[in-house]
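So the structure is just underneath, and the comments pick up after that.
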Amino acid sequence: PLPVTVMIAGLSKPAAGAKEKTAVPLRKQHPRKLRRVAAQATGKKQKVSRQAPKPQRPQKQVLKPKAAPVPLKAASTRPLLRPPHPPSVKSPPASGKVGGSAKKPAGRKSRSVGQSINPNVPAAASAVQMATPLYWRNPPPRYPALARRRHYTGTVILEVLVDTNGLAGEVRVVRSSGYTLLDEAALEAVRRWQFAPGTEGGRPTAMRVKIPIRFRLR
Numbered sequence: 004p005l006p007v008t009v010m011i012a013g014l015s016k017p018a019a020g021a022k023e024k025t026a027v028p029l030r031k032q033h034p035r036k037l038r039r040v041a042a043q044a045t046g047k048k049q050k051v052s053r054q055a056p057k058p059q060r061p062q063k064q065v066l067k068p069k070a071a072p073v074p075l076k077a078a079s080t081r082p083l084l085r086p087p088h089p090p091s092v093k094s095p096p097a098s099g100k101v102g103g104s105a106k107k108p109a110g111r112k113s114r115s116v117g118q119s120i121n122p123n124v125p126a127a128a129s130a131v132q133m134a135t136p137l138y139w140r141n142p143p144p145r146y147p148a149l150a151r152r153r154h155y156t157g158t159v160i161l162e163v164l165v166d167t168n169g170l171a172g173e174v175r176v177v178r179s180s181g182y183t184l185l186d187e188a189a190l191e192a193v194r195r196w197q198f199a200p201g202t203e204g205g206r207p208t209a210m211r212v213k214i215p216i217r218f219r220l221r
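Residues 4 to 221 in the numbering used here are what the sequence shown lists, from first letter to last.
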C-alpha cells in the first residue's frame, strides 16, 4: 500500500517506515555584511548613473547685430553753372537782318530813322529827309564761318556818315554784338553800301544815320 502523508500546519510528517530528509540549515548573513553589500550595489548604480553622458543642452545662437547701413551722401542739389550767354541786344524795328529779305520803301524807313535820331524836331522842319540804305542793292553781311560754328549771335548797331552822293564816308560801331567777328563782318559790309542821300529843304545834304545789323542762326 502507498504511504499516506498527513499535513499539519504546513508541515508534512512522513509515514512510518519512510526515511526523513535532513534539511540543510541556511547560513545566516551578518546584518553589517548585508548593509555593505547593499551599499556596494547602490554605489555601483550611482557610478553607472554618473558615468551616463549628460544630454547636452542646445546652445543658444547669439545673433550679432548687423551693422547699420551707412547712408549715402545726398547728391549736391546746386545747379550747374552754365556758360555765360552773349549779351542780348533788342533789335530796333529797322530791317537790318542778315540776308536782306525784307524790303521797305525808302520814305517809310527815313521817317522811322528820323524819329529815332531827332525826336525833338519841330513840325516846321518836317521837310528834312533822312538818308536810308538801299537794301535791295546792298549785299547782306557775310556770317563768319567760325562764328557760325561757335553759335555766335547778336546785333551790331553802326553809325554811318552818308555824303551827298549816297556813299558811306565814315562807319563806326555804336553798340557791339559782343563778338569781334560779328562786328568786323558788319563794318566790312556796310562800308560798301549805297544810300539814298538825305535832303533838307529839297537839297541833298550829308548826315549821320544808325543802321542795326542782326546776326542770328536758323
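From the three backbone atoms N, C-alpha and C, an ideal C-beta is built for every residue, glycine too.
V159 and F198 have their C-alpha atoms spaced approximately 19 Å apart.
Secondary structure note for V212: its beta strand (DSSP E) is the uninterrupted segment M210 to F218.
A straight line joining the alpha-carbon of R151 with that of V212 spans about 28 Å. Taking all protein chains shown into account, R145 has fewer than 16 neighbouring C-beta atoms within 10 Å of its C-beta and is therefore exposed. Between L190 and G157, the beta carbon gap of about 14 Å keeps them out of contact (Cβ cut-off 8 Å).
For V131, the secondary structure class from DSSP, reduced to helix, strand or coil, is coil.
With a cutoff of 8 Å on beta-carbon distance, L164 and E173 are scored as near each other. Cβ contact annotation for D166 (same chain, cutoff 6 Å, sequence separation greater than five): G172 and A209, in chain order. Residue range T183 to V193 is occupied by the alpha helix (DSSP H) that includes L184. Note that the C-beta distance between Q132 and G201 is below 8 Å. With a beta-carbon spacing of about 7 Å, P142 and A192 fall inside the 8 Å limit used to define contacts. The Cβ neighbour count for A188, taken over all protein chains shown within 10 Å, is at least 16; the residue is labelled buried.
When DSSP states are grouped into helix, strand and coil, R140 belongs to the coil group.
In summary, T183 is exposed, with fewer than 16 beta-carbon neighbours lying within 10 Å of its beta-carbon over all protein chains present. Nearest Cα to F218 within the set G205, N168, R153 and E203: R153. For R145, the secondary structure class from DSSP, reduced to helix, strand or coil, is coil. The residue from R194, L220, N168 and E203 with its alpha-carbon nearest to that of I214 is R194. Rounded to whole angstroms, the separation of the alpha carbons of R206 and A130 is 10 Å.
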